[in-house]
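K.L.:
One structure is given below, represented as structure tokens, and several questions about it will come after.
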Amino acid sequence: MSDKKRLFLVDAFALIFRGYYALIKNPRINSKGMDTSAILGFTNSLLDVIKRERPDHLAVCFDRGGSVARKEAFPEYKANRDATPDAIKIAIPYIEKILTAMHIPIMVKEGFEADDVIGTLAKKAEKEGYKTFMVTPDKDFAQLVSENIFMYRPMFGGGYETWGIPEVQKRFEVESPLQVIDYLGMMGDASDNIPGLPGVGDKTAKKFIAAYGSMEGLLANTDQLKGKMKEKVEASKELGILSKELATIILDVPVDFNAQDFEMSKPDISGVTEIFEELEFRRLTANFLKTFATETAATLTTTTKKEPVNKAEPQSAGLGQFSLFGGDGEPSNDQEVYNSRNNISTTEHFYQSVQPGMGTKLFLQNLMKQTSVCFDTETTGLNPITAELVGIAFSWEVGKGFYVSISEEKEKAQEILELLRPFFENVSIEKIGQNLKYDIKVLAKYGITVKGKLFDTMLAHYLINPDMRHNMDALSEAYLNYTPVSITELIGKKGKNQLTMRDVPVEKQTEYAVEDADITLQLKEHFTKELVEAKTRTLFDDIEIPLLRVLAAMELEGINLNSDFLNELSTVLDTDINVLISKIYEAAGEEFNIASPKQLGVILFEKMKLVDKPKKTKTGQYSTAEDVLSYLAKDHEIIRDVLEYRGLAKLKSTYVDALPLQVEESTKRIHTDYMQTVAATGRLSSNNPNLQNIPIRTERGREVRKAFIPRDEDHILLAADYSQIELRIIAALSEESTMIEAFKNGEDIHASTAANVFNVPLNEVTREQRSNAKTVNFGIIYGVSAFGLSNQTDLTRSEAKELIETYYATYPKLRSYMSRQIDFARDNEYVQTVLGRRRYLKNINAQNAIVRGAAERNAVNAPIQGSAADIIKIAMINIFNKLEEGNYKSKMLLQVHDELVFDIYKPELETLQPLIKTEMENAFQLSVPLDVEIGLGNNWLEAH
């Protein structure tokens, strides 16, 4: 058989749902507020298959109207499924348009499921000598596998696995793939509401098939069964036969396999890219063009494009072979329409390189006359601590701008910057930029302070649409329909051969840099209006922009690190880890790779059989995820040891060994980078290194904080931590009087809650009661369930349920507040913090319960988390200003969740300790007092 006779049949909805749920925690929302996750996920999967397999025949199969035959046989078939998420409903027409533009046939038949269409086509193709690959993760398709029909299964985490007869035999423990139907019929399927045989699960179904061969064989030999199982199976014979019928894929759907109609043909490049542009799929567009250019050159030739047939019937939009290049090797016309956006070559512009002498003098005179100027620095690297200036671009009029080149020689560079100092330090001129914090830090190394009003387009867009990407290229394409010059066009891709901007000719530097300033200037005009419309202009002017300067100063300051201590701790951790490895090997009775989830799963669940029905991943291996093992840890010492091993190994690699390598050579300090535009709640993120995730709950994790030390013997670290700020905020926002009074009276809120919930005097609250109350107090904010609470405590599920109900009865206003928040979100599709920071919740009215539930939890916790973030930001700004005004030597170094860390010059301690506490406690007035705990020490752990 020719290798060319390969047919790929894609199960559309399986990949659409998979793509949507893969991105559910971080959905892709475009500038129009549309959730494009399902479209993106499906199309990426489709292109991945095309790129990996270079199929010569391909079709995508859809459901339409469900299975009439199955519903007639069993009206409850699929009756328990949640409503299709709105984002998927919106996605279908777009996906169909994409497939039509790609000339990929859409196969669909009213009254039949995609499984049936795929099964019928696969069997017909097999008769014509084709090998068929069914692209789906759905295990039901295993029944179709034969010598020429295979499952092509997307794997969790990427990649694919092919199931032929041996794989199906191994996975289902059957002799023939046809027995998979019996397996499915016996087990039933909760997602399709196929009943199956009562009490029969995976192991029992496999045992029955091994013994009796089929459902019919089992039902004919029930006399060999015993006890309850015999009773259940004999009472459910009809149900078993019905379940097998429902699980059987239909193979005589009225669809035809005409091989020519399924051949790959040249896609409508401009049509596809136009749809992608509408959806704002920038990377996907590049991937699409690259995929088909590769396919073209590698395997395909041009044929005449066929017109698609009526979409309501099985479709055969001809897919013949194609090439983007003609026979003479020249690009076809399609290459000219890859991108309908404007770019530097299609847009009129006037970008000038400022010349020395009179040119510089005239430029400076003109610059100082402006009231608002956009500027953008070009440097030798991404690290502002080490990067050198190469040039600075300026723009104050759309389509026009100037570029000042900066000499590599330090003295000459400083001379040029001294000429620019009056502009940067002029308080009357507004400075505009994209990610201004970077520019401010670079200029600070040259002794230049950027003064005056600031407008950062990245921060502005974050407040307008926090869930979108905020990089300039994405914003330019979304708001200006303009594709900027890519940096890789100038310096190449990452790697040892990548150039720096210093290596690029000045003419190209000018075009690239001034274009960035010009685009940013134009974006500013858009965002100025949208900030007002989103009612976040005050938040922008009073919080995020002032905080930008604070963070820049903190990052430049950095913090001192005791690398010697960490090196010693690394040796100690090695010893601890080796002890745990020995314990684990001894308990397991053999050596294995503890870091391998696959090997660990086999040891725990096959060899040691720690649980009867171990959870499995989508790829069929045993799950050894953190949540799975944590649930089992209290009953099994080996699992406790594995979790401790993992924790120590991660601590060692992520912090103990890594932090000394991140000490900046020129300053001998650690300089983290705080990001304002990552967390949708408004919380800051820390990167390079991430200092916000250093473990604090374990003894060894806490030890890492010992490595952070004061500047010298004349300084001491001061840590100021908001006490239970989120609980205070929820008490204030809900106006829950019992909680408010407890805070006002300075009571231990967890003990107070325990006293109220368990109905005991405050002085009789036990440690266990306080612990359970604490878990509920913090869990309520995140929508903790009885199941979740029982996992976190020693309570049974029913006890946890009763505790939650009692909690809400004790604090009725709290429950009422949560309901009001969800109602507000349903009406407005957003919630907001005490300062008006918005968290948009596009899925709050989704019909799918899982999706809607996640949005409802966000509706409750986002205002609380966000308000806490806003309050500490205000405190940081106020304290920073006081330190500046007083010309103090002490510096603010770190912000970690609800804690601020300072390097205090000892003679200033008596003055600054009460000042810091006062400013933090009075950053925002709530009906509940804010309380700040302060600690001092010669390292961060001591201070904390």
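Counting along the sequence shown from 1, when you hit position 285 you're at 285 in the numbering used here, and nothing is skipped either side.
Built from N, CA and C at the ideal position, the CB exists for glycine as well.
Excluding the 5 residues flanking phenylalanine 141 on each side, which residues of the same chain have their C-beta closer than 6 Å to its C-beta?
P.N.:
Cβ within range, chain order: Met134 and Met151.
K.L.:
Between glutamate 425 and lysine 451, which are expected to be in contact by the criterion C-beta below 8 Å, what is the C-beta distance as a whole number of angstroms?
P.N.:
Yes, they are in contact, since the Cβ atoms of glutamate 425 and lysine 451 sit about 5 Å apart, within 8 Å.
K.L.:
Tell me whether asparagine 881 sits in a helix, a strand or coil according to DSSP, three-state version.
P.N.:
Three-state DSSP puts asparagine 881 in a helix.
K.L.:
Assuming threonine 43 is part of the alpha helix (DSSP H), what are its boundary residues?
P.N.:
Note, threonine 43: alpha helix (DSSP H), 37-53.
K.L.:
Name the two residues that bound the continuous alpha helix (DSSP H) containing isoleucine 149.
P.N.:
No alpha helix (DSSP H) holds isoleucine 149; the beta strand (DSSP E) holding it covers 149-154.
K.L.:
Mapping the DSSP letters down to three states, classify arginine 837 as helix, strand or coil.
P.N.:
Note: arginine 837 maps to coil in three-state DSSP.
K.L.:
Looking at the structure shown, is glutamate 336 part of a helix, part of a strand, or coil, going by DSSP?
P.N.:
Note on glutamate 336: pLDDT 30, under 50, position unreliable in the model; the coordinate value appears next. Here glutamate 336 sits in helix by DSSP.
K.L.:
Compare the C-alpha of threonine 347 against each of Leu362, Ala393 and Lys400 and name the closest.
P.N.:
Among Leu362, Ala393 and Lys400, the Cα nearest to that of threonine 347 is on Lys400.
K.L.:
Give the DSSP bridge partners of tryptophan 163, in chain order.
P.N.:
Note: tryptophan 163 sits in a beta bridge opposite Met151.
K.L.:
Where does glycine 788 fall in DSSP's three states?
P.N.:
Note: glycine 788 maps to helix in three-state DSSP.
K.L.:
What residue does the beta strand (DSSP E) around histidine 715 start on, and which one ends it?
P.N.:
Histidine 715 -> beta strand (DSSP E) spans 715-722.
K.L.:
Between alanine 298 and the rest of its own chain, which residues show a CB-CB distance below 8 Å, the 5 nearest in sequence each way excluded?
P.N.:
Unreliable positioning characterises alanine 298 in this predicted model, as indicated by a pLDDT of 40, which lies under 50. A coordinate reading is not provided.
K.L.:
Helix or strand or just coil, what does DSSP make of phenylalanine 758?
P.N.:
Helix at phenylalanine 758.
K.L.:
In three-state terms, what does DSSP make of lysine 451?
P.N.:
DSSP places lysine 451 in coil when its eight states are reduced to three.
K.L.:
Going by the beta-carbon positions, is the gap between leucine 548 and leucine 651 smaller than 8 Å?
P.N.:
Against a cut-off of 8 Å, the Cβ pair of leucine 651 and leucine 548 comes out as no contact.
K.L.:
Thinking alanine 868 and glutamate 726 are a contact (beta carbons under 8 Å), I'd like their distance in whole angstroms, please.
P.N.:
The Cβ separation is near 5 Å, so the contact holds.
K.L.:
So, with DSSP's three-state summary, where would you put glutamine 895?
P.N.:
Strand, per DSSP.
K.L.:
In angstroms, rounded to a whole number, what distance separates the CA positions of leucine 648 and leucine 941?
P.N.:
For leucine 648 and leucine 941, the distance between alpha carbons rounds to 18 Å.
K.L.:
For glycine 589, tell me which candidate among Met554, Met608, Asn560 and Glu167 has the shortest Cα-Cα distance.
P.N.:
Selected option, being the one with the closest Cα: Met608.
K.L.:
Can you tell me which residues form a DSSP beta bridge with methionine 107?
P.N.:
Methionine 107 is bridged to Cys61.
K.L.:
Please work out which residues of its chain come closer than 8 Å, Cβ to Cβ, to lysine 813, disregarding the five sequence neighbours upstream and downstream, and give them in chain order.
P.N.:
Contacts found: Ser734, Glu735, Glu736 and Ser737.
K.L.:
Would you call the CB atoms of lysine 123 and leucine 251 closer than 8 Å?
P.N.:
Closer than 8 Å, so yes.
K.L.:
Rounded to whole angstroms, how far is the Cβ of serine 666 from the Cβ of tyrosine 674, which I believe are closer than 8 Å?
P.N.:
Not confirmed; about 20 Å, so no contact.
K.L.:
Thinking alanine 22 and alanine 87 are a contact (beta carbons under 8 Å), I'd like their distance in whole angstroms, please.
P.N.:
The pair is not a contact, with the Cβ atoms about 13 Å apart (cut-off 8 Å).
K.L.:
Going along the chain, which residues of its own chain have a beta-carbon closer than 7 Å to the beta-carbon of phenylalanine 455, five neighbours each way excluded?
P.N.:
Closer than 7 Å at the Cβ level, and outside the excluded window around phenylalanine 455, lie Glu430, Ile432 and Lys524.
K.L.:
Does the Cβ of threonine 698 have 16 or more other Cβ atoms within 10 Å, making it buried, or fewer, making it exposed?
P.N.:
Per the 10 Å Cβ criterion, exposed.
K.L.:
For the candidate residues Ala707, Asn828, Val506 and Pro929, whose alpha-carbon lies nearest to that of glycine 937?
P.N.:
For the residues Ala707, Asn828, Val506 and Pro929, the minimum Cα distance to glycine 937 belongs to Ala707.
K.L.:
By Cβ distance, which residues of its chain are closer than 7 Å to arginine 18, with the 5 residues on each side in sequence left out?
P.N.:
So the qualifying residues of the chain are Gly41, Pro137 and Pro154.
K.L.:
Anyone know if the C-beta pair for valine 233 and leucine 197 falls short of 8 Å?
P.N.:
Yes, Cβ-Cβ distance for valine 233 and leucine 197 is below 8 Å.
K.L.:
Do you know how far the Cα of threonine 162 is from the Cα of arginine 52?
P.N.:
Each residue's Cα considered, the two are about 13 Å apart.
K.L.:
Take every Cβ of the stretch 590-608, pair it with every Cβ of the stretch 559-566, and state whether three or more of those distances are shorter than 8 Å.
P.N.:
Touching, no.
K.L.:
Quick check on phenylalanine 350: does DSSP put it in helix, strand or coil?
P.N.:
Phenylalanine 350 falls in the strand class under three-state DSSP.
K.L.:
Expressed to the nearest angstrom, what Euclidean distance is found between the alpha-carbon atoms of aspartate 714 and lysine 493?
P.N.:
Roughly 46 Å separates the two Cα atoms.
K.L.:
Report, in whole angstroms, the separation of the C-beta atoms of glutamine 500 and threonine 380, which I expect to be a contact under 8 Å.
P.N.:
Residue identity differs from the one stated: residue 500 is threonine in this sequence, not glutamine. 4 Å between Cβ atoms; contact.
K.L.:
Which residues in the same chain have their Cβ closer than 7 Å to the Cβ of arginine 702, if we skip the five residues on either side of it in sequence?
P.N.:
So the list reads Ile696 and Leu941, once near-sequence residues are dropped.
K.L.:
Mind checking aspartate 612: buried by the 16 CB within 10 Å criterion, or exposed?
P.N.:
Exposed.
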